[in-house]
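Asker: The structure that follows is given in the form of structure tokens.
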Amino acid sequence: MNAERETLNAYRSGYVAIIGKPNVGKSTLLNAYMGQKVAIVSDKPQTTRVRQLGILTRPDAQIIFIDTPGIHKPLHRLGKVMVDIAANCITEADVLVFLVDGATLPKDQDRQIAALIHASSDRPVILALNKCDLLSPDHIEPHLQAYWALLARDTPLPALEQADGSQPAPRYDWIMLSATSGYNRERLLEMIIARLPKGPLYYDQDTLTDRTEREVAAELIREQVLQHVHQEVPHAVAVVVGEWKERSHDKTYISATIYVEKATQKGILIGQGGKMLKSISTGARQAIETMTEKPVFLELWVKVNKNWREKDAELERLGYIGLLK
Ligand code: GDP
Ligand code: MG
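Those letters in the sequence shown? Residues 1 to 325, per this note's numbering, in order.
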């Protein structure tokens, strides 16, 4: 067998789900691996609403990340849809990363997710304690033990493996990392690859995500809304990109509508003299320009769509339910 053939035979590929409650750093980690924004990040929970793929192609492996919405107690219809999507992702994945906030002890939600993992998958799971930059050394042991007990129950805690491929990868393993500082980020990736099945390239090596530019642009606008407004408004917001036109050879015209549930929310988003909408629009335009590498003219509209989160037809139109299939 020649060397090239051998390399081909060793190629690994598959789906990886990063599972965790809201705000533990799932999108931050995915973005760091992808080297550019494919998911939006904010300090508010439930930022990621729909399933999206981040496709990382390397000489030795193709890793297809499924970014899941945070799992949380469903408060309304949209919440239920999000939990269903997350459960689907667990079933689909070849390797699971159970991402937790290592700086704090487990909460009920972590317990529920561990139970969901047990119920939906028999694949390898890596317990990843994120935010270890915020973790004081004397909390490492108790936090690790507490999360490990949720996930692996009676399996003894293994010493952190070398991930050099010389040992068969255990079903459950763990690592401590910081998605923001980069500590152990590569190490986690190596552990993931070691657990992927041998397989072909599923996607062309230039493909980074299954989302279109329009979908990513809508997410970038929603990210600006989340950064600018607070309390109940962010979760009542959906963004739909309408027109996307090359107006001249060097400028793209984009119009988008921000849907809210109440007139008061619309007032907050527009702000006094339109100031709020103006700064949302400026931030979003800059983010979209970074993505498209072209100047953009962005026109934003705000519309009231009463209780859209409770209506299946609206959830479908805004792209949330179609992703469930
Ligand atoms: P998600 O809801 O799980 O997707 O979480 P995000 O990726 O949106 O991150 C939530 C917040 O945690 C953001 O403010 C991140 O900057 C922050 N964060 C993520 N990873 C780390 C980390 O390793 N250390 C610290 N200190 N903050 C982090
Ligand atoms: Mg997220």
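Don't be surprised by glycine CBs; every beta carbon is placed ideally from N, CA and C.
For ligand 1, is there a heavy atom less than 6 angstroms away from the beta-carbon of S27?
Answerer: Under cutoff, so the answer is yes.
Asker: Ligand 1 and T180: does any heavy atom of the ligand fall closer than 6 angstroms to the residue's C-beta?
Answerer: Checking every heavy atom of ligand 1 against the Cβ of T180, one is found closer than 6 angstroms.
Asker: Under the rule that 16 or more other beta-carbon atoms within 10 Å means buried, what is W301, buried or exposed?
Answerer: Its Cβ having fewer than 16 others within 10 Å, W301 is exposed.
Asker: According to DSSP, is N329 part of a helix, a strand, or is it coil?
Answerer: Outside the shown range of the chain (1 to 325) lies residue 329, about which nothing can therefore be said.
Asker: Leaving out five residues on either side along the sequence, give the residues of the same chain with a beta carbon under 8 angstroms from the beta carbon of A326.
Answerer: Since the displayed the chain opens at 1 and closes at 325, residue 326 lies outside it and no answer follows.
Asker: I need the boundaries of the beta strand (DSSP E) containing L134, first residue and last residue.
Answerer: Counting along the chain, L134 falls outside any beta strand (DSSP E), and DSSP gives it neither H nor E.
Asker: Is the region 186-205 touching the region 213-224 in the sense that three or more CB pairs, one from each, lie closer than 8 angstroms?
Answerer: As far as the Cβ criterion goes, the region 213-224 does not touch the region 186-205, which means the pair count is below three.
Asker: At a cut-off of 6 angstroms, would you count N130 as near ligand 1, judging by its Cβ distance to the nearest heavy atom?
Answerer: Correct: N130 has its Cβ closer than 6 angstroms to ligand 1.
Asker: Do D101 and ligand 1 come close, with the Cβ less than 6 angstroms from some heavy atom?
Answerer: The answer is no for D101.
Asker: When you compare each of E261, A61 and A93 to V233 by their alpha carbons, which one comes out closest?
Answerer: That would be E261, whose Cα lies nearest to the Cα of V233.
Asker: Which residues in the same chain as K283 place their Cβ atom closer than 6 angstroms to its Cβ, once the five residues preceding and following it in sequence are excluded?
Answerer: Before going further, note that residue 283 is Gly rather than Lys in the sequence given. Here the set comprises Q224.
Asker: Evaluate P156 with the Cβ neighbour count: other Cβ atoms within 10 Å of its Cβ, from every protein chain shown; 16 or more gives buried, anything less gives exposed.
Answerer: The residue in question, P156, is exposed, as its Cβ has fewer than 16 Cβ neighbours within 10 Å.
Asker: For Y147, report the span of its alpha helix (DSSP H) as first-last.
Answerer: Per DSSP, Y147 belongs to the alpha helix (DSSP H) from I140 to A152.
Asker: What three-state label does DSSP hand E243 in the structure shown?
Answerer: Strand at E243.
Asker: Between the Cα of A114 and the Cα atoms of A93, N88, W148 and P137, which residue gives the shortest distance?
Answerer: Answer by Cα proximity: W148.
Asker: Return the residue from the list Q62, K294 and I19 that minimises the CA-CA distance to L208.
Answerer: Among Q62, K294 and I19, the Cα nearest to that of L208 belongs to Q62.
Asker: Between the C-alpha atoms of A119 and G182, what's the straight-line distance to the nearest angstrom?
Answerer: Between A119 and G182, the C-alpha separation is close to 32 angstroms.
Asker: Inspect the beta-carbon positions of I95 and I192 and report whether they are closer than 7 angstroms.
Answerer: The sequence as given places Val at residue 95; Ile does not occur at that position. Result yes, Cβ atoms of V95 and I192 sit closer than 7 angstroms.
Asker: Can you tell me the Cβ-Cβ gap for P124 and R171, rounded? I've got them flagged as a contact below 8 angstroms.
Answerer: Contact holds; Cβ gap of about 5 angstroms.
Asker: For L99 and A146, which I take to be in contact (beta-carbon distance under 8 angstroms), what is that distance rounded to the nearest angstrom?
Answerer: That belief does not hold up - the Cβ atoms of L99 and A146 are roughly 15 angstroms apart, past 8 angstroms.
Asker: Can you tell me whether L134 sits near ligand 1, meaning its C-beta is under 6 angstroms from at least one heavy atom of the ligand?
Answerer: Within the cutoff, so yes.
Asker: Distance, Cα to Cα, L134 vs V296?
Answerer: So the two alpha carbons sit approximately 38 angstroms from each other.
Asker: Identify the residues that DSSP records as bridge partners of D101: which are they?
Answerer: In DSSP, D101 forms a bridge with N130.
Asker: By how many angstroms is the C-alpha of A152 removed from the C-alpha of D60?
Answerer: Approximately 29 angstroms, taken between the alpha carbons.
Asker: Which residue's Cα is closest to the Cα of W308: H249, G20, A238 and S255?
Answerer: For the residues H249, G20, A238 and S255, the minimum Cα distance to W308 belongs to A238.
Asker: Name the residue from D250, G102, N23 and I268 whose alpha carbon lies nearest to the alpha carbon of H228.
Answerer: It is I268 whose Cα lies nearest to the Cα of H228.
Asker: Is the closest heavy atom of ligand 1 to the C-beta of N307 under 6 angstroms?
Answerer: Checking the Cβ of N307 against ligand 1 gives no.
Asker: Using the beta-carbon count (16 or more within 10 Å), is D206 buried or exposed?
Answerer: Classification for D206: exposed.
Asker: Rounded to whole angstroms, what is the Cα-Cα separation between H72 and V216?
Answerer: Note that H72 has pLDDT 45, beneath the 50 cutoff, so the model's placement of it is unreliable and the number below is only indicative. Their backbone Cα atoms lie some 24 angstroms apart in a straight line.
Asker: Nearest to A169 by alpha carbon, out of R211, R285, A103 and A194?
Answerer: A169 has its Cα closest to that of A194, out of R211, R285, A103 and A194.
Asker: Please determine whether the Cβ atom of N23 lies at a distance below 6 angstroms from any heavy atom of ligand 1.
Answerer: Yes, Cβ of N23 sits closer than 6 angstroms to a heavy atom of ligand 1.
Asker: Using the DSSP secondary-structure output, state which residues sit across from L300 in a beta bridge.
Answerer: The partner list for L300 (beta bridge, DSSP) reads A256.
Asker: Between the Cα of E335 and the Cα atoms of Y202, I258 and K251, which residue gives the shortest distance?
Answerer: The structure shown does not extend to residue 335, since the chain is modelled only from 1 to 325, so the question has no answer here.
Asker: Are any of the Cβ atoms in chain C nearer than 7 angstroms to that of H143?
Answerer: This model lacks chain C altogether; it includes just one protein chain.
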